[in-house]
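Down below is the structure, laid out as structure tokens.
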Amino acid sequence: MNELNTPTKELQSSEAVRPDNKLRPGTRGRKRQRMHVSIGDRIISFITYVVYSIFAFLCVYPFYYIFINSISANDLSDKGKVLFWPLNIHFTNYVNVLKIPDLFNALKISVARTLVGTVLTVLFAAFLGYMFTKETMWGRKFWYRFVVVTMYFNAGIIPWFITMMNLGLTNNFWGYIWPVVVQPFYIVLCKTFVESTPKELQEAAEIDGAGTLTIFFKVMIPVIKPILATIAIFAAVTQWNSFQDTLLLVTDNKLFTLQFVLYQYINQANSLKGMINNSSGTVDLAASLAKAQTATSVRMTVTILVVTPIIMVYPIFQRFFVKGIMIGAVKG
Numbered sequence: 165m166n167e168l169n170t171p172t173k174e175l176q177s178s179e180a181v182r183p184d185n186k187l188r189p190g191t192r193g194r195k196r197q198r199m200h201v202s203i204g205d206r207i208i209s210f211i212t213y214v215v216y217s218i219f220a221f222l223c224v225y226p227f228y229y230i231f232i233n234s235i236s237a238n239d240l241s242d243k244g245k246v247l248f249w250p251l252n253i254h255f256t257n258y259v260n261v262l263k264i265p266d267l268f269n270a271l272k273i274s275v276a277r278t279l280v281g282t283v284l285t286v287l288f289a290a291f292l293g294y295m296f297t298k299e300t301m302w303g304r305k306f307w308y309r310f311v312v313v314t315m316y317f318n319a320g321i322i323p324w325f326i327t328m329m330n331l332g333l334t335n336n337f338w339g340y341i342w343p344v345v346v347q348p349f350y351i352v353l354c355k356t357f358v359e360s361t362p363k364e365l366q367e368a369a370e371i372d373g374a375g376t377l378t379i380f381f382k383v384m385i386p387v388i389k390p391i392l393a394t395i396a397i398f399a400a401v402t403q404w405n406s407f408q409d410t411l412l413l414v415t416d417n418k419l420f421t422l423q424f425v426l427y428q429y430i431n432q433a434n435s436l437k438g439m440i441n442n443s444s445g446t447v448d449l450a451a452s453l454a455k456a457q458t459a460t461s462v463r464m465t466v467t468i469l470v471v472t473p474i475i476m477v478y479p480i481f482q483r484f485f486v487k488g489i490m491i492g493a494v495k496g
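Below you can see the structure in the form of structure tokens.
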């Protein structure tokens with residue numbers, strides 16, 4: 165047996181010594197990974213890239229178009245001659261918009277209502293969504309259906325305004341916050357997400373003696389971060405872009421939001437009139453700004469100022485966004 169095996173071993177050893185038979189690291193892996201791509205597959209891939217490139221261009225171009233028109237010559241922008249690159253670049257539009265009276269105070273109000281409103285909305289949605297999953301909650305099904313039914317029925321603006329007035333929420337900063345704290349859609353998302361988490365987590369905490377609030381803040385909040393980030397995006401965008409509540413509830417210019425002030429400015433620029441205000445200096449300033457700008461340049465500049473903060477915040481939460489929506493939409 166040894167004699168029979170000897171030539172084989174010698175042959176194997178001689179083949180291993182030959183330089184031609186040396187295996188390069190990763191050679192076999194690369195050969196296995198190489199796959200023949202047919203012409204049809206290449207055509208389909210090319211068409212896919214072209215279609216998605218066009219789609220990406222259609223998504224990005226409106227923002228690019230608005231920006232280049234905001235920094236181009238106002239007369240050319242008003243005539244629609246600025247299409248693909250800026251012409252006669254200047255930043256006077258932004259300088260003039262920043263001269264609007266009470267603009268920075270309005271910015272502070274908008275930032276404050278966005279931060280406070282988003283935090284409270286997320287907190288209420290998370291807590292109510294969590295509580296509606298507790299079978300021990302008194303009247304759980306009734307209260308959940310009571311909240312959900314408000315998604316389909318609305319009393320109207322006049323009853324809503326009378327209610328806000330009776331609650332003392334007119335000319336009040338909290339008039340921006342309390343009416344939108346409880347959002348049925350966000351509660352449904354949180355409830356569905358909590359139901360998708362393992363119940364063993366809550367049971368283990370209960371065995372250790374943790375109460376409802378302890379379980380909510382220390383166990384559930386870290387677990388449901390994706391859906392909370394998703395709700396935070398929705399709530400922040402809603403708070404930041406809202407101006408109708410200012411129009412209906414607020415008459416004190418110290419509580420005007422940025423969107424409302426810019427909304428007024430756009431309307432006054434469209435009619436080429438000065439800002440209607442008790443101060444004559446304000447009227448003169450607004451009239452001079454209207455003469456220096458066109459309605460198109462004002463709209464473009466204001467759009468960039470309003471959209472930019474949300475565009476900057478969105479990437480922070482984007483990694484949670486898709487996961488939260490997908491999991492929260494599985495069940496209802």
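Per the numbering used here, the very first residue in the sequence shown carries number 165; after that it's consecutive.
Heads up, the beta-carbon is just placed ideally off N, CA and C, and yes, glycines get one too.
Since the structure is predicted, the reported quantities are computational estimates derived from the model, not experimental observations.
message: For K272 and T421, I'd like the C-alpha separation in whole angstroms.
response: For the pair K272 and T421, the Cα-to-Cα distance works out to about 8 Å.
query: How is G373 classed by DSSP in three states: helix, strand or coil?
result: Per DSSP, reduced to three states, the secondary structure at G373 is coil, with no helix or strand assignment.
query: Does DSSP classify S274 as helix, strand or coil?
result: When DSSP states are grouped into helix, strand and coil, S274 belongs to the helix group.
field: As assigned by DSSP and simplified to three states, the class of F398
entry: Three-state DSSP puts F398 in a helix.
- prompt: Nearest-angstrom Cα distance between F255 and Q423?
  reply: Answer to the nearest angstrom: the Cα atoms are 21 Å apart.
- prompt: What span of residues does the alpha helix (DSSP H) with L353 cover, start to end?
  reply: In this chain, the alpha helix (DSSP H) harbouring L353 covers P348 to E359.
task: Taking only runs that begin and end inside the region 314 to 344, name each unbroken alpha helix (DSSP H) of 4 or more residues, in chain order.
output: The region 314 to 344 contains these whole alpha helix (DSSP H) runs: 321 to 330.
message: Going by beta-carbon coordinates alone, are V425 and D266 separated by less than 9 Å?
response: Between V425 and D266, the gap from beta carbon to beta carbon is short of 9 Å.
query: Excluding sequence positions up to five away, which residues of its chain have a Cβ less than 7 Å from the Cβ of N417?
result: Result list for N417: D266, in chain order.
query: Between the Cα of V345 and the Cα atoms of Y316, L279 and V201, which residue gives the shortest distance?
result: The shortest C-alpha separation from V345 is found at L279.
- prompt: Would you say S236 and L251 are within 9 Å of each other, going by their C-beta atoms?
  reply: For S236 and L251, yes; Cβs fall inside 9 Å.
task: Indicate the three-state DSSP secondary structure (helix, strand or coil) for P265 in the structure shown.
output: It is coil, neither helix nor strand.
task: Could you tell me which of P473, Q408, I468 and D205 sits nearest to I321, measuring between CA atoms?
output: The option with the nearest alpha carbon to I321 is Q408.
query: Would DSSP call F381 helix, strand or coil?
result: Helix at F381.
query: Which of the three DSSP states, helix, strand or coil, is assigned to W302?
result: It is coil, neither helix nor strand.
field: Between the CA atoms of P390 and A289 - distance to the nearest angstrom
entry: Cα to Cα, the separation comes out at about 13 Å.
query: Where does V414 fall in DSSP's three states?
result: Correct three-state label for V414: coil.
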